[in-house]
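Only one structure is covered here, and it is reproduced in the block below.
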């Protein structure tokens, strides 16, 4: 199942837990837990987008409030994850 | 009957703590597990005059070695003195909870399942075949509602029976042939060893590649020979990964156990979000859908922001200009001051401010899209498109930011850890048409293309994107070859945008626009105004003023592109400090030139341009040298002068070629 989750998200390039649940014929909460396990085990890791890039001009920038650094959550497939899907 | 110790294990939010509180009442003690800051809860209860101790283990989804909570729970179950484990399961989420159960079964301990929150499950029309579930798992399963104290006594009785009968449970879970073979091999190595854990469980953990098990075996005094053979096993299978096979087998077991024993109502598992995503993230439909959405945004921006509200803003500013002029004349203000205030500020800076409604509507609509969750889909589509042009990773986010303003877009490339992606993103972001260029396009569109404003705007943005992608492809192949990072995006569900977020996004951008008009554009216009009205010997705003002379010198450069007047040349260069200054400069110069006639900016544009030269001018503006702030940030981020110089020169040259091509080809085809 975790292998299937990993392969499917790499295949699609995005994560939709409800679609994964439908495709793998299980519940969304199982997919959620499987996804969390993949993170815990180091097959994928959340790419923490920094809200504050450390720029000292941000306070004066008119775009600072809506810099849009968190348009979507991003995850990175680690080397361990790539070894499984390759 | 003997007293005993009970451990409670379960997922977070399974009702385990409520279960513990119901069992123990006030007979509880809270401390910490040794050496860690994780809370340890112990208590006792008396049942049929016999006292039992209860330990509430940390809530955990699994019993691996990935977190302190997991390790505490696991170690206690394996080596602690619990006589029976009560596994508290959330009945409405049984399959997820059963994963932990499979790991408990592997430990071959006394287990009783409290199938908790059955009332919640009933509300969701979930039904259970408890007997069959118990048979499949090989352990007692008792339905409970802990907070109502329902079923608790039955669970206690089952736990006490397990203590008194000293049952042993055989793990019913078997893995695939390949994995079982290795488990047996490890069991063989360990068979004559005195272990602190069950042999099979230890073998499973070793094959699984559990990071802590070797430490534990060495600590517990397992012989050198066995340790050495296990290390050989790891070395030989260093490239294999049985971990996922083992975990998937557990999930499969849990799924099989739940099959036919947990009956859920038939429901629509595919949500509205997923249905919309089928189109918005589709390999073939995603980009056309994005294009269609943006076309609608631009059309609405023009229809409402320019045609409906823009005229009101222009009238207000004209009115203000007229009033100020009359006031200054009334107070016998010097001509120079009147000229500065009316031509410089009102017609120069004011020409930029007139586009505030346009900016407001555009960012209102973009804010709506972002808050709805659509922009995440746009980012996904971009990401997919960019991969085909050799730019992978999260580079799409700085590029999307670059559409608002190139400066934060370039700064955001700092979040790209791949150097290649970072450099390429930085160098192509100037082709993202930023918000500052919008007044320029709007001015020409209002003059020549008012019926097709949205389409023209869309085409310009699309052209910028196309040039960016082609540049990325070239850079990827030449200057920055290399592997890119591999990212997956989690798309948030679609939601109804909140008024607060949408208005805040709009206000932030409008205020930023007004601020820039009041600062940098004001300074640029003031400087140019001085150059335009001096020397005193020359007619103000004429080609004999200082500004006119500079512009006349530059004119030959732009004549092949069709816009060969000094005002147009000067305005382009005024756009280097700030792009909006192009509008302000033309506004000031034409106002000065047609002072007596009172010609408004749009009409002046019609007098000085044709539709073809307007197009070529817009293409020039789209692609040419980015603003000074952008160049400065590129210098800062690359820690060199080389890259901003290259960007400044290459973008200017590229823009010139494109503008000339538009004009010359257009002329050949009989346009303009």
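Residue numbers (the working numbering), protein chains in the order written: chain Z, 5 to 90; chain C, -14 to 657. Quick reminder that beta carbons are idealized off the backbone N, C-alpha and C, glycines included.
Please check the pair residue 3/Z and residue 13/Z, which I expect to be a contact at CB under 8 Å, by giving their CB distance rounded to whole angstroms.
-> Because chain Z is modelled from 5 through 90, residue 3/Z falls outside the range shown and cannot be assessed.
Is it right to say residue 46/Z is buried, meaning 16 or more other beta carbons lie within 10 angstroms of its own, or is it exposed?
-> In this structure residue 46/Z is exposed. Its beta-carbon is surrounded by fewer than 16 other beta-carbon atoms within 10 angstroms.
So residue 278/C is in the alpha helix (DSSP H); what residue range does that whole segment cover?
-> Residue 278/C -> alpha helix (DSSP H) spans 271 to 285.
Expressed to the nearest angstrom, what Euclidean distance is found between the alpha-carbon atoms of residue 627/C and residue 621/C?
-> C-alpha separation (whole angstroms): 11 Å.
Would a C-beta distance cut-off of 8 Å place residue 414/C and residue 387/C closer than the cut-off?
-> It is a contact, given that the beta carbons lie within the stated cut-off.
Beta-carbon of residue 54/Z versus every beta-carbon of chain C: anything under 8 Å?
-> Model confidence at residue 54/Z stands at a pLDDT of 49, short of 50, so the residue's coordinates are unreliable and nothing is read from them.
Simplified DSSP state of residue 87/Z, which is helix, strand or coil | Note: residue 87/Z maps to helix in three-state DSSP.
Report the neighbours of residue 264/C on chain Z: residues whose CB is nearer than 8 Å to its CB, in chain order.
-> Those within 8 Å of residue 264/C in chain Z number zero; the least Cβ separation is about 13 Å.
Sort 12/C, 28/C and 52/C by Cα distance to residue 22/C and report the nearest one.
-> The residue with the shortest Cα to Cα distance from residue 22/C is 52/C.
Comparing the C-beta of residue 11/Z with each C-beta of chain C, is any distance below 8 Å?
-> Not closer than 8 Å to any Cβ of chain C, the Cβ of residue 11/Z fails to qualify, so no.
Under a Cβ-count criterion, where at least 16 other Cβ atoms within 10 Å of its own Cβ denotes burial, should residue 610/C be classed as buried or exposed?
-> The residue is buried, with at least 16 neighbouring Cβ atoms inside 10 Å.
Alpha-carbon to alpha-carbon, residue 489/C and residue 601/C | Spanning the two alpha carbons is a distance of roughly 35 Å.
Could one say the Cβ of residue 481/C lies closer than 8 Å to chain Z's Cβ atoms, at least one of them?
-> No, because no Cβ of chain Z sits closer than 8 Å to the Cβ of residue 481/C.
Taking only beta-carbon positions, decide if residue 37/Z is within less than 8 Å of chain C.
-> So yes, residue 37/Z belongs to the interface.
Does any residue of chain Z bring its CB to less than 8 Å from the CB of residue 474/C?
-> Taking CB atoms only, residue 474/C has a neighbour in chain Z less than 8 Å away.
Going by C-alpha distance, which of 594/C, 216/C, 179/C and 398/C is nearest residue 384/C?
-> Among 594/C, 216/C, 179/C and 398/C, the Cα nearest to that of residue 384/C belongs to 398/C.
Spatial neighbours of residue 9/C within its chain, please: CB distance less than 7 Å, with the 5 preceding and 5 following residues excluded, ordered by chain position.
-> Cβ within range, chain order: 28, 29, 30 and 39.
How many Å lie between residue 137/C and residue 131/C at the Cα?
-> Cα to Cα, residue 137/C sits roughly 7 Å from residue 131/C.
Within the 8 Å Cβ cut-off, does residue 228/C reach chain Z?
-> Yes, its Cβ sits closer than 8 Å to a Cβ of chain Z.
Sheet register partners of residue 177/C (DSSP bridge) = Residue pairing from DSSP leaves residue 177/C without any beta-bridge partner.
Would you list the residues sitting across from residue 73/C in a DSSP beta bridge?
-> For residue 73/C, which the question treats as bridged, DSSP gives the partners -5/C and 99/C.
Of all Cβ atoms in chain C, is any one closer than 8 Å to the Cβ of residue 44/Z?
-> Contacts with chain C at 8 Å (Cβ-Cβ) include residue 44/Z.
Taking 8 Å as the threshold, find out whether the segment 507 to 515 of chain C comes into contact with the segment 331 to 339 of chain C through three or more Cβ pairs.
-> These segments touch.
Residue 444/C and residue 366/C: beta carbons closer than 8 Å?
-> Taking 8 Å as the Cβ cut-off, residue 444/C and residue 366/C do not qualify as a contacting pair.
Just by C-beta distance, which residues in the segment 18 to 30 of chain Z are closer than 9 Å to chain C?
-> Listed by position, the residues of the segment 18 to 30 of chain Z near chain C (Cβ gap below 9 Å) are 18, 19, 20, 21, 22, 23, 25, 26, 29 and 30.
Extent of the continuous alpha helix (DSSP H) to which residue 40/Z belongs = Note, residue 40/Z: alpha helix (DSSP H), 32 to 44.
Chain C within 8 Å of residue 33/Z, Cβ atoms only = With 8 Å as the cut-off, residue 33/Z counts as an interface residue toward chain C.
If we count the other Cβ atoms within 10 Å of its Cβ and call it buried at 16 or more, is residue 630/C buried or exposed?
-> By the 10 Å Cβ count, residue 630/C comes out exposed.
The segment 206 to 219 of chain C / the segment 154 to 174 of chain C touching (three or more Cβ pairs under 8 Å) | Under the 8 Å Cβ criterion, the segment 206 to 219 of chain C counts as touching the segment 154 to 174 of chain C, having at least three qualifying pairs.
Scan the segment 101 to 148 of chain C and note each continuous alpha helix (DSSP H) run of 4 residues or more that stays entirely inside, going in chain order.
-> Fully enclosed alpha helix (DSSP H) runs of 4 or longer: 103 to 108 and 115 to 122.
Give the secondary structure of residue 80/Z by DSSP, where H, G and I count as helix, E and B as strand, and everything else as coil.
-> Assignment of residue 80/Z by DSSP, reduced to helix, strand and coil, places it in the strand class.
Spatially closest choice to residue -12/C from 62/C, 145/C, 599/C and 195/C, by CA coordinates | Ranking 62/C, 145/C, 599/C and 195/C by Cα distance to residue -12/C puts 145/C first.
Under 8 Å between beta-carbons, which chain Z residues line up against residue 622/C? List them in chain order, please.
-> Those within 8 Å of residue 622/C in chain Z number zero; the least Cβ separation is about 10 Å.
Do you know offhand how far residue 536/C's Cα is from residue 614/C's?
-> Rounded to the nearest angstrom, the two C-alpha atoms are 23 Å apart.
Between which two residues does the beta strand (DSSP E) carrying residue 222/C extend?
-> Counting along the chain, no beta strand (DSSP E) covers residue 222/C, and no H or E run does either.
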